[in-house]
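If you're matching positions, the sequence shown starts at 52 in the working numbering and goes up one per residue. Even for Gly, the Cβ is constructed at its ideal location relative to N, Cα and C.
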Amino acid sequence: MRFFSRKLIPVFALALFAFVSCKQNKNEKFFSIPLNDSYSYLPCDADSTCSDAEANFSRFKKLDVYYRNLEKLADNNGSYLWIKTEFEIPEQLKGKSLGYVIPYLHFAEKLWLNGSYIGGYGQFPPDLESAQYETHFYTLPQSLLNQNGKNLILIKVYVLGKASLSGNSFISELEDAKRFTKTHSFLHSKFYMVFEGGMFCAFMLFLLLFISRKKTKEYMSFALLNFFSISLLAYFFAPSLPWYNGMGMPFLSFIKFGLCCSTYAIVYFSSSFMIQFVQIQESKLLLIIRIVIFLAAGAITFAVPTYQDLMKICPVMMGLVILQLLFGLAALIKALCNKNLRANAIILLVCFSSTLFSGIMDIVVREVFRINDLPYLTVFGWQGTIIMFLYVLSVRYNKVYRRNEYLNEKLEQEVASQTVQLSRAKEALERQMERAQIDLEMASIVQQKFLPGLDKKFLGWDIAICYEPLSSVSGDFYDYYVQNDRLTGLSLFDVSGHGISASLITMLAKTTVFRSYTEGCKSGDSASEILRKMNEMLINEKGNVDNYLTGLLVKIGSFFRNGACDIEVANAGHPCPLLFSYEEDRVSDLRYPDPSGQYGAIGIKGIAVSFPLISFQMLPGDILVLYTDGLTETMNKNREEFGKERIRELLLNNSGKSAREIIHTFLDGLKTHTAGNPREDDLTIIVLKREQADEYIEELEG
């Protein structure tokens, strides 16, 4: 309410002052012959002439001048009347040029002075046209005036709609009559042109504001409200428009669009504006109903063929207009009942108060007192409403603009502050990352030192290992087991996860695996039994750590005279190794015959596991390939995996090469497949190739 008291009341007072100031100057005095009480009328037909009227003077009846006085004398289809008045020229006006002024006469007329045609306003059927609110002025030539006797004025009027002959008509000196006509026409018609420019500016302003802020729908409704108000006001000064009088737009079309459809649009957008201004959420159904009412009113209006038919449907159209307005009033009442929306509703009422007040005054003046020579106060009231809403919406926009400006300023300060803090944090983070990188490099060195060398030679075996962590440290680890310089086994494990946590588990797990294998060999356990005991031991040692392992354990027996060697393999959820048979020249998967008999990984508490034994012999030339899923699951840019089939093909085609050369073949194939697409996992490959047992070579560190 503080906004109401401090802001709107001064604006409302200014608007009222503007209304009061727009009155004709009553102090402007000149000598005139008043004609209010001298009029009489006689119904006639379209073909009636001035002579016919003169021949029927006795039938003329007294005509009282008031608003819509002629309407009661005609039917709805339009009719003709003769209006007669007589006057004598007083001494003050004798010998002078005279003018005859009728402030308002509707619909159209033709005027005769002493039997001579003087002129007219509007057009009779069939080409109907009205002079609207223009003041009617006629020059009375001295040559036609009787200076010493009575003068007769006959006016043939086409009566249609709210036909009226206003009061305050008079005869005076020509210049006085002209001056009065200009003033009266300006106040009753041309004065409304003054409002056109202001409303157009308001239309453009709020249209641009809506374009800049699409959420403010009330700005668009207000803009269109001003636009159609411009069209409606043109009705009052229509004769001054170039397209009104025979330049392309028929009178009926002008009335349909300029008066009727503009009124429908104003009421529609007024309801929309009220709903949006008080922030009531309108359902889609109600919006559709309002649009249908608006379109129906326009369609009905343009469908009627004549002005007479247009007048007949006026009650129906007024009903649709009132129905349309009720939607906005319902939103206003709903907002008044809601304490959170009440302030907006009160502002809306205050802004519309000038239109409401002036509208009531127009009804009282024209319908109760029957006065029609005053300007339409509702037009002035509507301008007051527009001015007040213009002020309110401008204040709202200014508040939003200032708030955004304030927030932008604060944001700039905050960004500057955050930039400084971010720069400091970045420097601190870089130092921490540098220290962490050093620690990672040290951890990588320790982890790699913890693993055996990549290339070794053992009696009867050619071994090559590829070990490429995704980062500095890895979750993969491998080991081989030697007794008296003889290779007795090897292992390959993959810890779940990546990075430091996985690498720490590898340190713990490698020790556990080595201890389990050593103790198992002493006890004569199979690879399967060693792996089972290893699982139990690792579960106890790692505690609540979530990481688990998949892996392969290979146990290698002694050589036979024929060069054969017994091999045991146990698999704990790891990708199946590949075996190349030199004699058969084929590659096969090493897997347990019954897939359902092999399940589980290492290090998961409470989960049943089964690592069945896979036994076979390797002869000279045979090759065993162990790998982690970092090899098979590496993808190219098309998200296609490298896959086991490529490994089988490469192994089969390069079986005659050394273990290290086979490793290089795998890596070259992987590089071609990925075409630069980065890996997403650690990569470890072990190639174990059988050689003749007498080809013993000392250990060579790669």
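Other residues of its chain near residue i: CB distance less than 7 Å, five sequence neighbours each side excluded
{"i": "Asp96", "result": "Tyr131"}
{"i": "Ser322", "result": "Arg341, Gln375, Leu376, Phe378, Gly379"}
{"i": "Asp178", "result": "none"}
{"i": "Ile169", "result": "Leu162, Trp163, Tyr189"}
{"i": "Leu399", "result": "Met325, Phe328, Val329, Leu383"}
{"i": "Asn687", "result": "His724, Thr725, Ala726, Asn728"}
C-alpha distance - residue i paired with residue j, whole-angstrom precision
{"i": "Glu819", "j": "Pro628", "result": "Residue 819 cannot be examined here, being either before or after the span of the chain that is shown, 52 to 753."}
{"i": "Leu258", "j": "Ile373", "result": "27 Å"}
{"i": "Val564", "j": "Arg583", "result": "11 Å"}
{"i": "Phe261", "j": "Tyr270", "result": "5 Å"}
{"i": "Gln743", "j": "Asp536", "result": "16 Å"}
{"i": "Lys265", "j": "Pro356", "result": "40 Å"}
{"i": "Leu480", "j": "Leu521", "result": "22 Å"}
{"i": "Lys695", "j": "His724", "result": "13 Å"}
{"i": "Ile736", "j": "Lys722", "result": "15 Å"}
{"i": "Phe420", "j": "Ser240", "result": "22 Å"}
{"i": "Ser263", "j": "Leu425", "result": "42 Å"}
{"i": "Ser542", "j": "Leu462", "result": "60 Å"}
{"i": "Lys74", "j": "Phe237", "result": "Summary for Lys74: the model assigns pLDDT 44, below 50, so the residue's position carries little reliability; its value from the coordinates is reported in the next sentence. For Lys74 and Phe237, the distance between alpha carbons rounds to 11 Å."}
{"i": "Lys123", "j": "Pro94", "result": "12 Å"}
{"i": "Ser83", "j": "Thr232", "result": "13 Å"}
{"i": "Cys572", "j": "Tyr678", "result": "24 Å"}
{"i": "Lys390", "j": "Val446", "result": "22 Å"}
{"i": "Leu703", "j": "Phe631", "result": "7 Å"}
{"i": "Lys135", "j": "Thr267", "result": "59 Å"}
{"i": "Glu569", "j": "Glu691", "result": "A small fix is needed here, since residue 569 is Thr in this sequence, not Glu. Roughly 41 Å separates the two Cα atoms."}
{"i": "Gly218", "j": "Leu441", "result": "38 Å"}
Spatially closest choice to residue i from the options, by CA coordinates
{"i": "Phe431", "options": "Phe420, Asn449, Leu407", "result": "Leu407"}
{"i": "Asn87", "options": "Val152, Gly511, Phe287, Asp103", "result": "Val152"}
{"i": "Ala354", "options": "Phe324, Lys307, Thr314, Phe221", "result": "Lys307"}
{"i": "Gln375", "options": "Ser577, Ser542, Phe345, Ser263", "result": "Phe345"}
{"i": "Ser109", "options": "Ala125, Asp98, Leu124, Trp133", "result": "Trp133"}
{"i": "Gly608", "options": "Asp617, Met439, Leu383", "result": "Asp617"}
{"i": "Gly624", "options": "Ala467, Tyr448, Gly602", "result": "Gly602"}
{"i": "Gly504", "options": "Ser304, Leu682, Asn704, Cys517", "result": "Cys517"}
{"i": "Lys363", "options": "Ala316, Phe246, Ala350, Leu211", "result": "Leu211"}
{"i": "Tyr532", "options": "Asn591, Leu502, Ser525, Pro663", "result": "Leu502"}
{"i": "Ser579", "options": "Leu538, Ser547, Tyr650, Asn199", "result": "Tyr650"}
{"i": "Glu224", "options": "Phe273, Lys233, Cys252, Gly150", "result": "Gly150"}
{"i": "Gly720", "options": "Leu682, Lys740, Gly707", "result": "Leu682"}
{"i": "Thr539", "options": "Trp512, Met250, Glu180", "result": "Trp512"}
{"i": "Phe287", "options": "Arg612, Ala274, Glu247", "result": "Glu247"}
{"i": "Gln534", "options": "Phe509, Glu519, Ser547", "result": "Phe509"}
{"i": "Ile317", "options": "Pro85, Ala348, Ser523", "result": "Ala348"}
{"i": "Glu142", "options": "Asn107, Ala350, Asn199", "result": "Asn199"}
{"i": "Phe273", "options": "Thr436, Thr557, Cys311", "result": "Thr436"}
{"i": "Thr234", "options": "Asn202, Tyr315, Thr186", "result": "Thr186"}
{"i": "Val638", "options": "Leu604, Ser706, Gln668, Ser666", "result": "Ser706"}
Cβ shell of residue i (< 6 Å), same chain only, five flanking positions each side left out
{"i": "Arg119", "result": "Lys213, Ser215"}
{"i": "Ser282", "result": "Gly309, Ser313"}
{"i": "Lys113", "result": "Ser91"}
{"i": "Glu333", "result": "Ile326"}
{"i": "Val738", "result": "Ala515, Val676, Ala710, Ile713, Ile714"}
{"i": "Lys740", "result": "Asp513, Ile674, Ala710"}
{"i": "Gln434", "result": "Phe246"}
Whole-angstrom C-beta distance between residue j and residue i, which should lie under 8 Å
{"i": "Pro290", "j": "Gln183", "result": "6 Å"}
{"i": "Lys207", "j": "Glu160", "result": "6 Å"}
{"i": "Leu205", "j": "Ala104", "result": "5 Å"}
Residue i, buried or exposed, once every other Cβ within 10 Å from all chains shown has been counted against 16
{"i": "Leu589", "result": "buried"}
{"i": "Ile698", "result": "buried"}
{"i": "Val451", "result": "exposed"}
{"i": "Ser280", "result": "buried"}
{"i": "Cys365", "result": "exposed"}
{"i": "Phe403", "result": "buried"}
{"i": "Phe227", "result": "It is worth fixing the name first, because residue 227 is Asp in this sequence and not Phe. Buried."}
{"i": "Glu139", "result": "exposed"}
{"i": "Met585", "result": "buried"}
{"i": "Gly370", "result": "exposed"}
{"i": "Val367", "result": "exposed"}
Residues of its chain near residue i, where Cβ-Cβ distance is below 8 Å and the 5 sequence neighbours each way are ignored
{"i": "Asp680", "result": "Asp545, Pro626, Asp732"}
{"i": "Val471", "result": "none"}
{"i": "Gln359", "result": "Asn127, Asn128, Gly129, Leu211"}
{"i": "Leu664", "result": "Ser577, Ala578, Ser579, Glu619, Val620, Ala621"}
{"i": "Ala659", "result": "Tyr650, Gly651"}
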